[in-house]
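In numbering that gives the first Met the number 0, the protein residues as written are 0 to 136.
Think of the CB as a built atom: it goes at the ideal place given N, C-alpha and C, for glycine as much as any other residue.
These numbers were taken from a predicted model, which means no experiment stands behind them.
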Amino acid sequence: MTSPAKRPLGLLAATLALATLATSGAFADSAGATFSQGEKFTEESGEALYANVCQACHMDQGQGAVGAGHYPALAKNENLEAAGYPIYILLHGQKGMPPVGQMMSDEQVAAVVNYVRTHFGNNYTDKVTAKDVAETR
């Protein structure tokens, strides 16, 4: 059994070790993901936004996933045909998806929606604009 006097020292040692790892970059993503500062995402292109915001749940090819939750496939997704649908979902969330579009500018939301609607086997080429997003916000 650990003596009560040694427990705080162990906790302090663990805290210092984690702080050292965190500041040394040991927790940096090896896939090259970037981390935004503050309450807004910094990525500008639809591809970068997808890679750093959406891909963790919807997967690298938009195939979706099932595990701790259900993350619908974006690949060949007929729901994306109506451009207003993904705009609304990004801005307001749905079921387990948080409203991540609230942390994006109108231009960023438009960029990631346009990216998803033209990749992963989707071929919806009518472009979403920042004005479309602002009207839905």
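For Leu48, the uninterrupted alpha helix (DSSP H) run begins and ends at 45–48, by DSSP.
Take the alpha-carbon of Asn51 and the one of Gln107: they are about 12 Å apart. Taking 8 Å as the cut-off, the beta carbon of Gly61 is found no closer than this to the beta carbon of Ala47.
By the criterion of a C-beta distance shorter than 6 Å, Gly92 is surrounded in its chain by Pro98, once the five residues flanking it on both sides are discounted.
By the neighbour-count definition (other C-beta atoms within 10 Å, threshold 16), His57 is a buried residue. Contact check for Asn76 and Asn121: beta-carbon distance about 6 Å, within the 8 Å limit, so the pair qualifies.
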